[in-house]
Amino acid sequence: MAAASSNQQSNNGTGRHLDQDIAQRMVDKAIQAGATYSEVRLVSNQNTSISMRDGQVRNAISGLDVGATLRCLVNGSWGVHSTTDLQALTSQVEATVNLASSVAQRRAKEDSAVELAEIPISTKDVHWRAKKDIRDISMQEKVEVLEEFDSFIRTDERIVSVNTGFTDEHIEMELTTSEGMDRSWSFQRTCTNAIVTGRESGEVASYRTRVGGVGGFEAVEVVDLQQVGASATESTLRILGAERSPSGKMTLIADPDLTGVYIHEALGHPCEADLVAAGDSCLDGKLGKLIGNPLVTVIDDPTWQGGHGSFPVDAEGFDSKSRTLIENGRLMTFLNHRETAAHFEIEPNGAARAQDGLHHPLVRMSNTMIMGGNHEDLDDLLEGITDGVYACGSRGGQVDTGRGSFQFAAQEAWRIRNGELVEPLKDVSVSGMTLSILKNV
């Protein structure tokens, strides 16, 4: 479930963790030492993590993690140095260039040299301002959110355990490159979650829920936690009394949550160009081809307000934008960063993501979703189905991106008979082949 996002604003003039002149001298020095490209990227993450079990706080931790990475490209190979010691980073320029040169000399003939596609050079800082900055909210106020959430869930004696959690992040990034890119950007992300366990007549069932997304404290404040908690309790109790799932090939209707997991895991990951280049994607060789029903359009949108995967700028300094991956059943592009865009000779689209300031950017999704079809509502979808399953939510699963196979476990489900939802089901597992499903939507 996504909440409304923070206001998105751009400005110039926020303080930097790493002095801009020092960063510029570092990348200039790398070029003078023989690099064809160099960058310094820093990530600061001020965060809070609170966990509560059965109404009692187990952990309440706040922290600040700052890391920086120097990358140098020499003769088509990377040299990388990452550290949390910002002062020591300035002394590592020559060593990082030498490392890249050594890697280039030892590169196997079958490994192609790294090339970087051109992207717009910007010096514009972008800061998505939260309506309620998480740094201004006390730890006690955040704990009270969980206490209230817990009370909304624990309304039935059959609920035997409630684990709740609260996390927030204030993320700041800085990037200086030898090409003239010099910018910073920031945003916040706030979420709360719950795992509810019920027991009755020897049966045990659990249900998971999460709310929030990119934004400040408002990302959880705008959510009706009483309704979310009551719904989690109802689902847990319903699963307790549900029948076991039937097996076999059946007509399936998936709710938005389960559909989102399928699109993210089974299709989104195979669309990541680094996996395609490594030969680990079922979409290899299918660019521009019809791979699904013409009803299917899939986008990946890091600008979506409130999305958990939203961000203003990617790890290479590319402004975030919506990408259409599949349009009317046709594979239009891969998610890529500069390296994979050059490899496939396609336009860069800003999908470089780094876990933190100490990790190399990889190609990763943001908010991946399938666009709506022509049906007005669930009743419209149910009409005409004599026997099937309506599955909701996800308990996780597994995907083989190379073979294009998947298996997901739904949180809860109902049997469909003659266009009506009848008995609740539990232990529903959905499996299949990614491309086959796309063609049969």
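Adding 8 to a residue's 1-based position in the sequence shown gives its number in our numbering.
Positions of the beta carbon are idealized from the N, C-alpha and C atoms, including for glycine.
For this session: Tell me whether the beta-carbon of Asp322 lies closer than 9 Å to the beta-carbon of Ser328.
Result: The count along the sequence shown starts at 1 and reaches residue 322 at position 314. The count along the sequence shown starts at 1 and reaches residue 328 at position 320. Yes, the pair counts as a contact, with Cβ atoms nearer than the cut-off.
For this session: Quick one: give me the first and last residue of the beta strand (DSSP E) that Ile261 is part of.
Result: Translated into positions along the sequence shown, residue 261 becomes position 253. Run containing Ile261: Thr259 to Ala262, per the beta strand (DSSP E) assignment.
Exercise. Rounded to a whole number of angstroms, what is the C-alpha to C-alpha distance between Arg361 and Ala125?
Worked result: Numbered from its first residue, the sequence shown carries residue 361 at position 353. Numbered from its first residue, the sequence shown carries residue 125 at position 117. Using only the alpha carbons, I get a separation of about 16 Å.
Exercise. By how many angstroms is the C-alpha of Glu229 removed from the C-alpha of Glu384?
Worked result: What you label residue 384 is simply residue 376 of the sequence shown in a count that begins at 1. What you label residue 229 is simply residue 221 of the sequence shown in a count that begins at 1. Cα-Cα distance, rounded: 30 Å.
Exercise. What span of residues does the alpha helix (DSSP H) with Gln100 cover, start to end?
Worked result: Reading the sequence shown from its first residue, position 92 is the one you call residue 100. Element bounds for Gln100: n/a, residue is neither H nor E.
Exercise. Who does Glu335 pair with in a DSSP beta bridge?
Worked result: Against the sequence shown, residue 335 aligns to sequence position 327. DSSP lists Arg338 as partners of Glu335.
Exercise. I think Ile145 touches Phe195, with their Cβ atoms under 8 Å apart; what is that distance to the nearest whole Å?
Worked result: The residue given as residue 145 occupies position 137 in the sequence shown. The residue given as residue 195 occupies position 187 in the sequence shown. Ile145 to Phe195, Cβ: 16 Å. No contact.
Exercise. In terms of alpha-carbon separation, which member of Gln148, Gly23, Phe416 and Ile161 lies closest to Asp435?
Worked result: Residue numbering aside, residue 435 sits at position 427 when the sequence shown is read from its first letter. Nearest option by C-alpha distance: Phe416.
Exercise. Would the stretch 161 to 179 and the stretch 101 to 116 be scored as touching if the rule is three or more Cβ pairs under 8 Å?
Worked result: The count of Cβ pairs closer than 8 Å, one atom from the stretch 161 to 179 and one from the stretch 101 to 116, stays below three, leaving the stretches out of contact.
Exercise. Quick one: what's got a C-beta closer than 8 Å to Leu443's C-beta in the same chain, skipping five residues either side?
Worked result: Your numbering for residue 443 matches position 435 in the sequence shown. Cys290, Ile299, Gly300 and Gly412.
For this session: Assign Arg162 to one of three DSSP states: helix, strand, or coil.
Result: If you number the sequence shown from 1, residue 162 lands on position 154. In the structure shown, Arg162 sits in coil (DSSP, three-state: anything other than H, G, I, E or B).
Exercise. Using the C-alpha atoms, what's the distance from Gly325 back to Asn19?
Worked result: What you label residue 19 is simply residue 11 of the sequence shown in a count that begins at 1. What you label residue 325 is simply residue 317 of the sequence shown in a count that begins at 1. Annotation note: pLDDT 36 at Asn19 (below 50); position unreliable, coordinate value reported separately. Computed Cα separation, rounded: 15 Å.
For this session: Compute the distance between the beta-carbons of Thr348 and Val306, then report whether it is under 9 Å.
Result: As a first step, residue 348 must be located in the sequence shown, where it is residue number 340. As a first step, residue 306 must be located in the sequence shown, where it is residue number 298. Not a contact, by the Cβ cut-off of 9 Å.
For this session: Express the C-alpha separation of Cys400 and Leu450 in angstroms, rounding to a whole number.
Result: Shown here, the chain extends from 9 to 449; a query on residue 450 therefore has no answer.
Problem set entry | Option in Ser214, Pro369 and His25 with minimal Cα separation from Gln95 | Taking the sequence shown and counting its residues from 1, the one referred to as residue 95 is at position 87. Of Ser214, Pro369 and His25, the residue nearest in Cα terms is His25.
Exercise. Which one or two residues does DSSP pair with Thr488 in a beta bridge?
Worked result: There is no way to answer for residue 488, as the model of the chain reaches only from 9 to 449.
For this session: Could you tell me the distance, in whole angstroms, from the CA atom of Glu123 to the CA atom of Gly287?
Result: Here the question's residue 123 lines up with position 115 in the sequence shown. Here the question's residue 287 lines up with position 279 in the sequence shown. Between Glu123 and Gly287, the C-alpha separation is close to 19 Å.
For this session: Would you identify the three-state DSSP class for Lys434, choosing helix, strand or coil?
Result: By one-based count along the sequence shown, residue 434 stands at place 426. Lys434 carries a strand assignment under DSSP once its states are collapsed to helix, strand and coil.
Exercise. Can you tell me where the beta strand (DSSP E) with Glu280 in it begins and where it stops?
Worked result: Locating residue 280 in the sequence shown gives position 272, where the first residue counts as 1. First-last for Glu280: undefined, no H or E at that position.
Exercise. Does the pairing of the stretch 64 to 77 with the stretch 187 to 203 give three or more beta-carbon distances under 8 Å?
Worked result: no
Problem set entry | Euclidean distance between Cα positions of Ile354 and Pro369 | To locate residue 354, count along the sequence shown from 1; it is residue 346. To locate residue 369, count along the sequence shown from 1; it is residue 361. Going by the C-alpha atoms only, they are around 18 Å apart.
Exercise. Taking Cβ to Cβ, would you say Ile129 is nearer than 9 Å to Glu187?
Worked result: Reading the sequence shown from its first residue, position 121 is the one you call residue 129. Reading the sequence shown from its first residue, position 179 is the one you call residue 187. Yes, these two residues count as a Cβ contact at 9 Å.
Exercise. From the DSSP output, which residues share a beta bridge with Cys400?
Worked result: Here residue 400 is taken as the residue at index 392 of the sequence shown, counted from 1. Glu420, per the DSSP bridge assignment.
Exercise. Given that a residue counts as buried once 16 or more other Cβ atoms are within 10 Å of its Cβ, and exposed if not, what is Ala121?
Worked result: As a position in the sequence shown, residue 121 is number 113, starting the count at 1. Label assigned to Ala121: exposed.
Problem set entry | 3-residue-minimum beta strand (DSSP E) runs that sit fully inside the stretch 16 to 75, ordered along the chain | 45 to 61
Exercise. What span of residues does the alpha helix (DSSP H) with Val228 cover, start to end?
Worked result: Translated into positions along the sequence shown, residue 228 becomes position 220. It spans Glu226 to Glu229 - the alpha helix (DSSP H) in which Val228 sits, taken as one unbroken run.
For this session: Output the distance between the C-alpha atoms of Trp86 and Ala108, rounded to the nearest integer angstrom.
Result: Residue 86 sits at position 78 when you count from the first residue of the sequence shown. Residue 108 sits at position 100 when you count from the first residue of the sequence shown. Cα to Cα, Trp86 sits roughly 5 Å from Ala108.
Problem set entry | Distance, Gly206 Cα to Glu155 Cα | For the purposes of this step, residue 155 is taken as the residue at position 147 of the sequence shown. For the purposes of this step, residue 206 is taken as the residue at position 198 of the sequence shown. Distance between the alpha carbons of Glu155 and Gly206: 19 Å.
Problem set entry | Distance, Val170 Cα to Gly396 Cα | For the purposes of this step, residue 396 is identified with residue 388 of the sequence shown, where counting begins at 1. For the purposes of this step, residue 170 is identified with residue 162 of the sequence shown, where counting begins at 1. Straight-line Cα distance between these residues: approximately 32 Å.
Problem set entry | Spatial distance of Ala41 from Asp93 (CA atoms) | Residue 41 sits at position 33 when you count from the first residue of the sequence shown. Residue 93 sits at position 85 when you count from the first residue of the sequence shown. Roughly 23 Å separates the two Cα atoms.
For this session: Could you check if Leu283 is buried or exposed, using at least 16 other CB atoms within 10 Å of its CB as the buried criterion?
Result: Indexing the sequence shown from 1 puts residue 283 at position 275. So Leu283 counts as buried.
For this session: With Thr376 as the anchor, note down where its beta strand (DSSP E) starts and where it stops.
Result: Taking the first residue of the sequence shown as position 1, residue 376 is located at position 368. Segment Thr376 to Ile378, the beta strand (DSSP E) holding Thr376.
Problem set entry | Spatial distance of Pro302 from Lys447 (CA atoms) | Counted from its first residue, the sequence shown places residue 302 at position 294. Counted from its first residue, the sequence shown places residue 447 at position 439. In this structure, the straight-line span from the alpha carbon of Pro302 to that of Lys447 is close to 8 Å.
Exercise. By how many angstroms is the C-alpha of Leu260 removed from the C-alpha of Glu280?
Worked result: Numbered from its first residue, the sequence shown carries residue 280 at position 272. Numbered from its first residue, the sequence shown carries residue 260 at position 252. Taking the straight line joining both Cα atoms gives about 27 Å.
Exercise. When the Cα atoms are used, what is the spatial distance from Tyr398 to Met258?
Worked result: Here the question's residue 398 lines up with position 390 in the sequence shown. Here the question's residue 258 lines up with position 250 in the sequence shown. The straight-line gap from Cα to Cα measures roughly 10 Å.
Exercise. Which of helix, strand or coil does DSSP assign to His89?
Worked result: For the purposes of this step, residue 89 is identified with residue 81 of the sequence shown, where counting begins at 1. Strand, per DSSP.
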